[in-house]
Every structure is written in C-alpha cells, then in structure tokens.
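Notes follow once the structure below has been shown.
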Amino acid sequence: MGLRNLTGHYSSNTSSPYTNEVTDSNDSQEFEFHSPRITNPFATASNSSVEEIENNNNNNTDSNPQSNDSLLSQTNSEIRYLHPQDIQAHIEQDYKGHYSKKPQTLGTPENKDITGRFIQTPPTQTMQRPPVRSNSENTFIQATPPYDRYPVVNARMNSQATKLNNAGPFSEHTNVIVGSQGSGLNNYLNETTGSTSSSSNYNPALLQPQDFSPFGGYPASSFPLTMDEKEDDDFIHNPDPEEEARLDRRRMWDDIKNMNTRSFFGLIGILVLLGAGICIFVILPALTFTGAVQHKDPVAEKGGHSSSSSSGSGSNSNEILTYYRYPTLAAIRMNLVDPDTPSSAKTRKSMDGSSWKLVFSDEFNAEGRTFYDGDDQFWTAPDIHYDATKDLEWYDPDAVTTKNGTLHLRMDAFRNHDLYYRSGMLQSWNKLCFTQGILEVSANLPNYGSVTGLWPGLWTMGNLGRPGYLASTDGVWPYSYESCDAGITPNQSSPDGISYLPGQKLNACTCDGEDHPNPGVGRGAPEIDIIEGEVDTTLGVGVASQSMQIAPFDIWYMPDYDFIEVYNFSTTNMNTYAGGPFQQAISAISTLNTTWYEFGQEAGYFQKFALEYLNDDDDGYARWFVGDNPTFTIYANSLHPNGNIDWRRISKEPMSIVMNLGISNNWAYIDWRMIFFPVQMSVDYVRLYQPQNAISITCDPEDYPTYDYIESHKVAYTNANLTHWVDAGFSFPANELTGNCKSSNFEGTVVLGD
C-alpha cells in the first residue's frame, strides 16, 4: 500500500494518494483550495512584495495541473499578508467562541446557513485543484477543529455531534475533505456511496462546528451543562431550601420521637449531670451565702476558735496573723538559698579563717524570668532615668531577663523616653537586704576590655535610700554618722566648698517628736561598690574601681591610709580620685583580664567579685576581692575624727543589692566608635554569706528599722521625678544642734561650732 501524500496535487491519470489504484479522470470532484493565512499578525510586507506574491500565485494557478510537485511546493508556500488595519477584522472572523454568537433573526441572511450561524466568506484568491476520486474503499479524513472555549450546545447539535463522533476517523461511507480555513463552517463534507458524485450532495445541515467539549475532548452532549436537563439524583446535589428549612424546624422533635433506647438513656444522663451541676455550683452556694444552710466548722470541733457563731453562745473569731497582702509572685521560691547552688558553695572562709554560712543565693537558672515590679520576690527592675549621674540611658525592665542560666543586663541604641539608649538595672531594695557578710557576684563585663565608655556596676546601698529616686536619697546618701556636730550641717559648715550636701537629715540628735525612724541613732544610706568597671586608656585594659562612699568628709577627702592595706601593688593601686563635693570615695583600682569581657580574643569568661565586711566600731573592716584574691582592705580606724568631724562608721544599715549597666559622660570618656551595640553584662550568680551568730537578711532590723518610715513617705520612694525631699511634701526634721530643741534620745554630746 502506497504512502499517503497529503500535500500533493493529483491528476486523473495519477495514482490516488490513498491507494495504489489508478483513478478515472472523468470522475472528478472540483473543490477550492484556500491559501493559508499567516499565523503571525505582526508580519509585514511592502506593497510590491504583496503584488509579486499574488502574481506568482496566479501563474501557478494557470500552470499545468499535472505538475504535482512544483504546484504543491508553490501552493504550500503561498502566504497572504494582512495589512495592520485588517488584522482585527480577520481575528474577529476566525473567532467562533461564545461571544461571536449573534442573536438569531426570523430571516436567514445570505451569509448564514440554515442553522442561523454565520458562514465565513472564502478568500478571493483561490486555486482550482484537479478532482480527486476515492477508490472503492472510501476513506474518512477529519481535521481537528481549533479549540472553541465557548461551544454552543443544543438538542440539534447534540444529535449531529453524536452522528459525527460515531462515524469514527475512517468511515467506510464518508469522505470528508477539510479546507485549510479553520474548523466549523469551512469544512466541506461529502457523503458518497462509491459512485461518481459532485458537490450537489452537500448538506448544509451538517455544516456546523464539531461538537467537542473543552473538558478533555469528550463530546459536550455527554455533560448536562444546562439547567433544563434533569437527572434522577439532582435532589441530592440541589436540595429544596424550603423542604430543608421545614425539616430543620422539626429535627429535634423528630429525633426525640425516633430515638432508640441507647439515645434515650444518654439524654437522661445529660439532664441529670446538668441538674447536679446547677445544685452544686448555683443553689448550694446561694443557700450558704444567705445562711439557710449551716456547715460544720472543723476548727471548732477540734477545740479551736470558730470564725462565726450563730447560736449566740460566744463571739469567736480567727486569729489574724498579718494585714499585709502578699502579691502574686511569678518566680516564688520556698528557700532563700537557690536549690541550684552547688553544695561546695554552701560555706566560705572569712578573713579571720572562720567559716561563714550561705544565707542567700540566686543562680538565675530559671529561663525567661522578668523583673517588673511584683514579678519577683527578691529583685525589681526599675523603669526610670538615672539622673543622679546624668546617665544617657533609660533603665527599662525589658532590658533585664534571664537566659542560658545567666542574668542579662542589655544596653542597646534604642530610643526610649527621649533618650537614645536603653539599658537595665536590677535592685533588691526593700525586698532583700543584709547587714555584714560576704557578697559574691560572678559576672562577665560588657563590650571589649580595652574600650572605655560603659559603666557596669555591682554595688550596695542603705535601704533608706532607693537608687535612682533622688527624693529618697536627699539628706541620707552617703551618710554614715552618729555624732551631733558640724558634720550634720549643710556643707559641713565649711566655706571652702568641700561639701555641697544638704546635711544629715536623720541625724542622731533629732528633736523629740520629729520625723525619724528610730530617734537617737544617726541614720543614712552609705554606698559600698563591689565593682565599677572602667578602662585604663594608657594600658588599654579594663580596671575595677572598688570603693566605699561615705559622708561627712575628711579634709581634702583623705582618710588615714595607715589603716588601709593593699595586697598586690602590681595589680592594685589606690585610686587618685578620692571624692568630690557630694561624696568621699575611698577607692582602689585593680586591673582586669580582657577575657572577662563580652567581646575580644578568648573572651566570654566569668569572674568573681566580692565584698566582705564587718561593722564593729573597733574591729570592723571592709575587704574587696577579684576572684579568690583580696585586693585591699579598709579598717575602721582609717575613718577616725578629722578636723571638725567625728568618727564615720562602716555601714550598720541594712544594705540592698544593685546591679546595673550605664553610660555617662560623668564617668569616663566614651569611645563611641568602638562600642558595638547591643552590649550586655551577664551575671552568673549572686551569693551572700554571713557569720553563724550574726545572720541578718532583712530590710527592717530592730535596731535599724526602715519599713514604717518608708511606708509613711512612700511617694518619695516611688516617684523618680522628684529630686528633693521637699518635692515629696516633707521637710527636714529639726535637730538639737541647730533647732533650739531637745533630743531626749541622744546620749552623746552636742558639739557647737566655734
């Protein structure tokens, strides 16, 4: 069987392109061959090119039809170029989708078939091809029409589509020759019976688009696409809304009528539970509240006191232990010693070799602790600006938290309250205080050990002054004085400007009836710094300033250095800064290892810093440590009388603990280029040791009380915007030295000035 050549022209004497048999030239069928249009609407050609192509086409039409190969090649290359103004018209002419359907009219125009669809007018340039006669075995050739997005489906087309689709691609009785002008109306269908026929057998009723569905090539008649077609299960997919609404209204009643035994007892059980709940949680509490039901008092049955007596036999009541209302604590702990503290740290050796007991510790191992007011039982992170030293940061509780077993005080360049930096402070004020002992803190300092500017601090202050609240510290910081002389007066009664302090507010000779926590005792809020971090710009290493700050002051702020001991002058020296008009600072400077900082080569290590002190008037001392090595010691005799002032004492006040990370031009030169925000100071633990016979971890000891005094002046301790005692609405109490009054509780001697 010969190969089919679908592109060639065959004369009556040539072989059929479909069989090897020779066809009769007398039996011919004449049809038109339309030149294919170019598929690219943007192709352009000059007028001369178009005319030349058309002339070539006309010549090819007049040529010998027997020249099949040449005619075929010329015909296949024939292209009709469209001018730009004709592109839209041709696009609309080729489009046969849903929106091309025109409303049918009563009359049938000449350019419509009997179905009412438009017939595309064949192009003007045509070429007559020799008739092609089929052999005895008729062949059906059907070209797939272009994709029609919006097929028109009706009963008439469904029947025709069924007929066409059932014919198959090669029908024995049908020979369809399809033009090249697209699908639908340009397809010529010839039905033959094997005998000679002509185009008179053309049936216009079959001149319709192929009934192909857009759903994968299946006939559209297989899918009910209109609402007119009904199926048996339509009520399942499209229920009746009115019927559904009627059933919904009767559903509960129908379910109850038709329930089985199991459902019935289940309903009874639900009703019983509901009734029991109402009786227990509604009726019984109401009866109890109104007194209609009496309950037995287990305390009275055991011989105790009953909270009430309805019989009138007596007026018994429960004993009230305290009127203090304890707030809800987020990190409540049952013991002062942290359970995570290792057993090896339960004791520590003091200077005299005795073993002191661990009385408090916080390992900060709990993840994500917060320290807003009321969140923690030992610590509070204030929300203030520390104006006492003109800091550049705002202390925010958000900057203080615990992570990876350490406490983090984070400073970042974050604008807050019109300040450009935010950091954190943690203080135990009025929650946890101690008198005497060893306070040990393990910390990692912020940034690089060679960069100056930051101000990390670990320190303590008397509980009568709250750090950052200037009204509370006015007249008490940093006094540690028990005499009644010039030392309690403003400026120490010295015209040389040695002191700008307002005088000791709570002095020992306060007059009777004046405002004082315990008259007859000099009170104040001295400060002892475990470490204040800074940098030696000459050596390029970090240093620790460890100091005691007291008032009133020695002449030229110079204590008696004969009673100060430095243990290693290669690492520790006395600070050249000895104080100013607001405090006298007895301080020593010790160099630090750069690995104890946050950044740098081999950085990230923690180091211990500690303070050990006893406040005895004769044998008292204060000693500082870096690691396990002592740096220097101040003995009580170094604070002996000097000039017109008497003894200053090592603090006997209950001391609160403070940890903070600040930045201020009042502290050191700030190397802004080398401070890489955010930076943070990390604290691994805080541990407090005290002698076995002198344990005191209260903020309100009997001989140095603070609680009642703070409660009666609460505004000064809670409003950080108040800077002086008088701003809080209070005045300094009068004293026997300057007030022309009597202090019956003062046992000393009032020393009048010359």
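Under UniProt numbering, the first residue of the sequence shown carries the number 1, and numbering increases by one thereafter. Built from N, CA and C at the ideal position, the CB exists for glycine as well.
Reduced DSSP category for residue i - H, G, I as helix; E, B as strand; rest coil
i, result
"Ala622", "strand"
"Gln601", "coil"
"Leu539", "coil"
"Trp647", "coil"
"Ala544", "strand"
"Asn365", "coil"
"Pro456", "strand"
"Tyr709", "helix"
"Ser696", "coil"
"Val272", "helix"
"Phe746", "coil"
"Glu244", "helix"
"Asn735", "strand"
"Gln584", "strand"
"Asn258", "helix"
"Ser35", "Note that Ser35 scores 45 on pLDDT, short of 50, meaning its location in the model is unreliable and no value can be drawn from it."
"Arg415", "coil"
"His724", "coil"
"Pro467", "coil"
"Thr510", "strand"
"Met351", "coil"
"Asp485", "coil"
Whole-angstrom C-beta distance between residue j and residue i, which should lie under 8 Å
i, j, result
"Gly524", "Glu653", "7 Å"
"Gln549", "Ile530", "Going by Cβ atoms, the distance from Gln549 to Ile530 rounds to 13 Å, so no, they are not a contact pair."
"Asn416", "Val679", "Rounded, the Cβ-Cβ distance is 16 Å, inconsistent with contact."
"Tyr469", "Ser423", "Not quite, the Cβ-Cβ distance comes to about 17 Å (not below 8 Å), so this is no contact."
"Leu358", "Glu393", "At roughly 33 Å, the Cβ-Cβ gap does not stay under 8 Å, so Leu358 and Glu393 are not in contact."
"Ile697", "Leu432", "7 Å"
"Thr572", "Val541", "Not a contact, Cβ separation roughly 13 Å."
"Ser656", "Thr460", "7 Å"
"Phe677", "Ala443", "The pair is not a contact, with the Cβ atoms about 19 Å apart (cut-off 8 Å)."
Given residue i as reference, the closest of the options once Cα atoms are compared
i, options, result
"Met351", "Gln601, Arg649 and Asp619", "Asp619"
"Pro641", "Phe632, Leu407 and Phe553", "Phe553"
"Pro733", "Asp616, Trp556 and Ile488", "Ile488"
"Ile663", "Leu439, Ile270 and Val451", "Val451"
"Asp398", "Phe265, Thr370, Tyr613 and Pro526", "Thr370"
"Glu565", "Phe414, Asn637, Gly503 and Leu506", "Asn637"
"Asp375", "Ser344, Lys257, Leu426 and Arg422", "Leu426"
"Pro517", "Pro502, Val476, Asp616 and Val541", "Val476"
"Phe364", "His385, Pro339 and Trp356", "Pro339"
"Leu439", "Gly291, Asn693, Val282 and Phe609", "Phe609"
"Asn745", "Ala388, Thr510, Trp624 and Gly277", "Thr510"
"Ile384", "Thr718, Val751 and Ile270", "Thr718"
"Phe360", "Val726, Thr706, Lys742 and Arg687", "Arg687"
Inter-residue Cα distance where the pair is residue i and residue j
i, j, result
"Glu514", "Tyr685", "42 Å"
"Arg156", "Asp233", "With a pLDDT of only 45 at Arg156, under the threshold of 50, the placement of this residue in the model should not be trusted; the figure read from the coordinates follows. Whole-angstrom Cα-Cα distance: 26 Å."
"Gly643", "Ser494", "11 Å"
"Gly520", "Tyr481", "12 Å"
"Trp429", "Gly748", "31 Å"
"Lys346", "Cys484", "42 Å"
"Asn463", "Glu612", "18 Å"
"Glu242", "Glu229", "22 Å"
"Asn404", "Arg410", "14 Å"
"Ala544", "Asn740", "46 Å"
"Thr402", "His408", "6 Å"
"Gly275", "Leu287", "16 Å"
"Met574", "Ser587", "6 Å"
"Ile670", "Gly579", "21 Å"
"Val441", "Glu367", "19 Å"
"Glu244", "Ser263", "24 Å"
"Tyr605", "Pro382", "28 Å"
"Ser651", "Trp596", "30 Å"
"Phe599", "Pro467", "29 Å"
"Ala551", "Val337", "34 Å"
Proximity test, Cβ basis, 8 Å: residue i and chain C
i, result
"Ile268", "Considering every chain present, this structure includes no chain C. It has just one protein chain."
Proximity of residue i and residue j at Cβ, strictly below 8 Å
i, j, result
"Gly453", "Thr594", "no"
"His724", "Asp474", "yes"
"Arg649", "Asp617", "yes"
"Asn507", "Tyr500", "no"
"Tyr689", "Arg348", "yes"
"Phe730", "Ala720", "no"
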